[in-house]
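> Before anything else, here's the structure in question.
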Amino acid sequence: MSIDGYFDINIKTPLGEKFATLHLISAGNDLTGEFITTKATFPINGSIDGNQITFTTQISISMGEINAQISGEVTEEGFSGEAKVLFGKLPIQGTRKPQI
Numbered sequence: 005m006s007i008d009g010y011f012d013i014n015i016k017t018p019l020g021e022k023f024a025t026l027h028l029i030s031a032g033n034d035l036t037g038e039f040i041t042t043k044a045t046f047p048i049n050g051s052i053d054g055n056q057i058t059f060t061t062q063i064s065i066s067m068g069e070i071n072a073q074i075s076g077e078v079t080e081e082g083f084s085g086e087a088k089v090l091f092g093k094l095p096i097q098g099t100r101k102p103q104i
């Protein structure tokens with residue numbers, strides 16, 4: 005199974021659900037890509053261990069941009085994990101976009 009791909013994700017925050025696109029690119033155990041929101045695109049940098057990923061990025065919220073450490077599991081169908089942010093942990097779910 006490939007880690008690489010695009011995922012439509014939602015993040016449950018205290019201010020409501022937020023939506024974004026996650027673009028993952030693997031190179032051995034290194035992970036790069038983009039966290040794409042309606043307001044901005046942020047680079048990601050992280051690591052891969054099997055189907056588990058961990059990366060850092062920024063997330064846009066109503067108060068501005070915050071740093072996030074995101075970890076979770078990638079499957080053929082999607083992504084499931086959590087974001088550790090300044091005010092706690094936020095659950096993340098995502099669906100893998102079909103490759104064209």
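Quick note, the sequence shown lines up with residues 5 to 104 if you use our numbering.
Beta carbons are placed, not taken as given, at the ideal position from N, Cα and C, and that holds for glycine.
1. Determine the extent of the beta strand (DSSP E) in which ASP53 is found, giving its start and end residues.
2. Please report the straight-line C-alpha distance between ILE40 and ASP12, rounded to a whole angstrom.
3. Where does the unbroken beta strand (DSSP E) through LYS22 begin, and where does it stop?
4. Would you tell me roughly how many angstroms separate the C-alpha atoms of ASP8 and VAL89, rounded to the nearest one?
5. Going by the beta-carbon positions, is the gap between ILE96 and GLY85 smaller than 7 Å?
6. Between the alpha carbons of ASN49 and GLY92, how many angstroms are there, rounded?
7. In the DSSP assignment, find the beta strand (DSSP E) that holds ILE110 and state where it starts and stops.
8. Just to confirm the assignment, what range does the beta strand (DSSP E) spanning LYS88 have?
9. Does DSSP classify SER6 as helix, strand or coil?
10. Just to confirm, are PHE23 and ASN33 a CB contact at a threshold of 7 Å?
Per the coordinate set shown:
1. Residues 45-53.
2. 10 Å
3. DSSP places LYS22 in the uninterrupted beta strand (DSSP E) bounded by 20-31.
4. 24 Å
5. yes
6. Between ASN49 and GLY92, the C-alpha separation is close to 21 Å.
7. Nothing about residue 110 can be reported from this structure: the residues present for the chain run from 5 to 104 only.
8. 82-89
9. coil
10. Note that the C-beta distance between PHE23 and ASN33 is not below 7 Å.
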